[in-house]
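> So the number in this note's numbering is just where the residue sits in the sequence shown, counting from 1, plus 21.
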Amino acid sequence: MTIRAGAPVVVGVDGSQSSLDAVTLAAAEAALRGRSLRIVHAYAWPPVGVGLAPETAPAALDACRGQAEEIVRAAGEVAGKTAPDVATTTQIRRGPAGLVALHAWDGNSGTELNDDLPMTPESWSAEDEEKRVLAEALAGVADRYPDVRIRRCVLRGSPRRLLVDHSLTAQLVVVGDRGHGVFTGPLLGSVSQYLIHRASCPIAVVRPGMVAAVTG
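1. So for Leu189, helix, strand or coil by DSSP?
2. Taking 7 Å as the limit between beta carbons, can you name the residues of its chain near Gly178, skipping five residues before and five after?
3. Just mark Ile92 as buried or exposed, buried being the case when its beta carbon has 16 or more other beta carbons within 10 Å.
4. With DSSP as the reference, label Cys174 as helix, strand or coil.
5. Can you tell me whether Leu123 is buried or exposed? The criterion is at least 16 other CB atoms within 10 Å of its CB, across all chains shown.
6. How many Å lie between Leu216 and Ala80 at the Cα?
7. Just how far apart, CA to CA, sit Gly116 and Pro167?
8. Based on Cα-Cα distance, which residue from Gly97, Asp198 and Gly87 lies nearest to Val226?
9. Determine the DSSP secondary structure at Ala93, reduced to helix, strand or coil.
10. Given a cut-off of 8 Å on the beta-carbon distance, is the pair Val61 and Val99 in contact?
11. May I have the straight-line CA-CA distance separating Ser40 from Ala160, to the nearest angstrom?
12. Is the stretch 102 to 114 touching the stretch 41 to 58, taking contact as three or more C-beta pairs under 8 Å?
13. Please say whether Val175 and Leu155 have beta carbons closer to each other than 8 Å?
14. So is Ala96 buried or exposed if we call it buried at 16+ other beta carbons inside 10 Å?
15. In the DSSP assignment, find the beta strand (DSSP E) that holds Leu123 and state where it starts and stops.
16. Could you check the C-alpha separation between Thr111 and Ser57 for me, to the nearest Å?
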């Protein structure tokens, strides 16, 4: 283990009593070692598993910021009472929401991602081929949005059910509106319809032309 000279004692807080107890211990340790104290609080935005309408998001973010400021303020008071001579700083970090890119396949029906693949049993059953399909769909996304964490998931099963399962811990589920049945065009696809009625978070259905409007 390498100890960096002059490094502060760092303690994370979440507003709980146990984290305030940790602040007390960290402040005492900083005083004993002759170090400064850094109090850190981190929160995720958007909050996982909480649906937010666009019109309510700004107020919700302000509330999260206010709560974070109150958490570090209270922790700073505890540190000041424990070790008043220790230099103490606070830091609030907001973590970005990640992107889960899910490609679901069942081996029997195609999606708009793999319409151009050969219709052979090998192409539908090979997981490596399905991973390639997803990689092509995500090409350039990481370059355009370098701060977004992207997790790729290639799963075999019902797209509708897998997306509903993922919606339990998602802030937003985004799908295309293309149908593969007899009725297409102005109507939503079967996956979109299924999600609208069963998903546990808001659903964004992307229609043709919307991507160009967003990316410019």
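Glycine included, C-beta positions come from ideal geometry on N, C-alpha and C.
For this structure:
1. Assignment of Leu189 by DSSP, reduced to helix, strand and coil, places it in the coil class.
2. Once the five neighbours on either side are set aside, the close Cβ partners of Gly178 are Ala125 and Asp127.
3. Buried: at least 16 other Cβ atoms inside 10 Å.
4. In this structure, DSSP gives Cys174 an extended state, which the three-state scheme calls strand.
5. With 16 or more Cβ atoms within 10 Å of its Cβ, Leu123 is classed as buried.
6. Taking the straight line joining both Cα atoms gives about 27 Å.
7. Cα to Cα, Gly116 sits roughly 14 Å from Pro167.
8. Of the candidates Gly97, Asp198 and Gly87, Asp198 places its Cα closest to the Cα of Val226.
9. What sits at residue 93 in the sequence shown is Val, not Ala. In this structure, Val93 counts as helix in the three-state DSSP scheme.
10. Going by C-beta atoms, Val61 is not nearer than 8 Å to Val99.
11. Using only the alpha carbons, I get a separation of about 42 Å.
12. Yes, they touch.
13. Closer than 8 Å, so yes.
14. Buried, because 16 or more other Cβ atoms sit within 10 Å of the Cβ of Ala96.
15. Unbroken beta strand (DSSP E) run through Leu123: Leu120 to Trp126.
16. Whole-angstrom Cα-Cα distance: 11 Å.
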